[in-house]
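See below for the structure under consideration.
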Amino acid sequence: MATSTGSESITLSTLVQRLIQFWQQGVRPALTLSVFGITIITLVLRVPVVGILAAAASILLGVQLLWQPVNEFVQELAPRQWPVVLGTLTFLAGGFSLLLWSLQGRTQTINWEVVSALGESIGALGQILVAVLAAFIAWRQYVNTRELTQQQNRITQQQTIDAYFQGIADLALDDQGFLEDWPQERMFAEGRTAAILSSIDAEGKGKVIRFLSTSRLLTPLKRDQRLGRPILDGTGLYEEDRVHGERVIDLDAMLAGADLAGIDLRLVDFSNANLTQTNFSRCNLMGANFTGAILDRAQFVGGDLRGTRFFYGRPDQASPRQPPDWGQPANFQTGAGTGAIIEGCNFTGVRHLDEEQRYYCCAWGGSKTRSTIPGGCEGIPNKLGR
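In structure tokens:
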């Protein structure tokens, strides 16, 4: 019995599918053509009852046939295409309305002049629809071409970045995987980095910077005084030395004026980099290190500054970095000379700025920076004096 029931259900579903297929491929097109012909004949022979029924059937069948393509067309329309469609529909509605009102009262029956006017109106409508369709096709071709171009550019950029990663690894590591960066190799590494950062977009810059920072190539490392090779700290990592250490790659001014808005830059070491007028708006800067960096007129609007470091030591004793020729080394115990230069920075709408970092930004940011810090700077002296 179970087998019989299963075969009956399979037969019934197959029959329903075949009926639907037969309706879509055979009956519906024939019925549509028949109704269209009856509608035209009733207009010519002036048969009101049959004409009204045929017109209603024509509308229903037309809606059924047009529903799916119109729905797909509407979903694919860009916002800037809607004014064209709405303007066309409004123009056609107004034109037909004027035509009907002008004919009302002049004649109570359909004559050939009315049919001729209606035919001309339909012809004009067809021309307009053809123009709209041509514009839509051209727009779709443009969108598809643009998407393909963008996709190809992304693929090419990613291949370039991957080649850069491999090149830096080959340049800085020896055969055993230990860091081995002689001065000439560091120069080549910095040259490659400067070249790639100037040729990729913001997202690509973020990938490169995170790679360099996570690999500790941007961190000043303690080195052997004789050979200049990095020293391991006993835990499998290279020992950091903020006072006398040397970086494998020094960013210097590679990112000055760069637009990094909205990029994930968590835990990146920007210490001592020249970031003048760099845009960090809406960036995730959680745990980023800006100590000693030049952040003159940098933008942090809406950024996440949770755990971001602008100085070492105590906030009331910390001060911005000093030029090397002043002969005053940074004191990482008190914080004197370890802080970032933040004059003119915009901190409007930043999130998770802790009290110590807020104190430093208020004290050394100047009047323009102080006016943008959330929570204000009341009670915090302006040590910059301007």
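Okay, so the sequence shown: first residue is 54 according to this note's numbering, each after it adds one. Glycine is no exception: its CB is placed at the ideal position from the N, C-alpha and C atoms.
Legend entry - Neighbour-count burial assignment, Q204, 16 or more Cβ in a 10 Å radius: Around the beta carbon of Q204, a 10 Å sphere encloses fewer than 16 other beta carbons of the protein chains shown; the residue is thus reported as exposed.
Inset, instruction - Tell me whether L285 sits in a helix, a strand or coil according to DSSP, three-state version. - result: DSSP places L285 in the strand class (E or B) of the three-state scheme.
Legend entry - Span of the alpha helix (DSSP H) around V411: In the sequence on display, residue 411 carries Arg and not Val. Counting along the chain, the alpha helix (DSSP H) containing R411 begins and ends at 408-417.
Inset, instruction - Starting from the Cα of E431, find the closest Cα among Y412, R439, R295 and give me that residue. - result: Residue Y412 is the option with its Cα nearest to E431.
Inset, instruction - Tell me, please, which residues DSSP counts as bridged to E293. - result: For E293, which the question treats as bridged, DSSP gives the partners L274.
Inset, instruction - Kindly identify the DSSP beta-bridge partner or partners of I347. - result: N327, I394
Inset, instruction - Report the option in G355, D369, G281, R367 whose CA atom is closest to the CA atom of P427. - result: If we check each option's Cα against that of P427, G355 comes out closest.
Inset, instruction - Can you grab the Cα-Cα spacing for the pair G388 / N325, in whole Å? - result: 14 Å
Legend entry - Sequence-distant residues of the same chain with beta carbon closer than 8 Å to D294, five excluded per side: P273, L274, K275, R276
Legend entry - Neighbourhood of Q49 by C-beta distance below 6 Å, restricted to the same chain and skipping five residues each side: Nothing in the structure corresponds to residue 49, since the chain is present only between 54 and 439.
Legend entry - Residue of E396, L186, K436, Q370 minimising C-alpha distance to L328: E396
Inset, instruction - Specify whether the region 294-308 and the region 240-253 touch according to this definition: at least 3 beta carbon pairs, one from each stretch, less than 8 Å apart. - result: Flag = yes, the region 294-308 and the region 240-253 touch.
Legend entry - Bridge partner(s) assigned by DSSP for N197: Paired residues: none, contrary to the question.
Inset, instruction - Using alpha carbons as the reference points, say which of T246, Q212, I208 lies closest to L224. - result: T246
Legend entry - Under the three-state DSSP convention, the category R362 falls into: strand
Legend entry - Proximal residues to I316 (C-beta, below 6 Å), its chain only, five neighbours per side dropped: So the qualifying residues of the chain are A255, G259, C336.
Legend entry - Start-to-end residues for the alpha helix (DSSP H) that takes in P427: Neither: P427 is in no alpha helix (DSSP H) and is coded neither H nor E.
Legend entry - Spatially closest choice to L280 from F264, D286, W235, by CA coordinates: With distances taken between Cα atoms, L280 lies closest to W235.
Inset, instruction - Check the C-beta distance from L466 over to S268 and give it rounded, since I have them as a contact under 8 Å. - result: With the chain running from 54 to 439 in the structure shown, residue 466 is simply not present.
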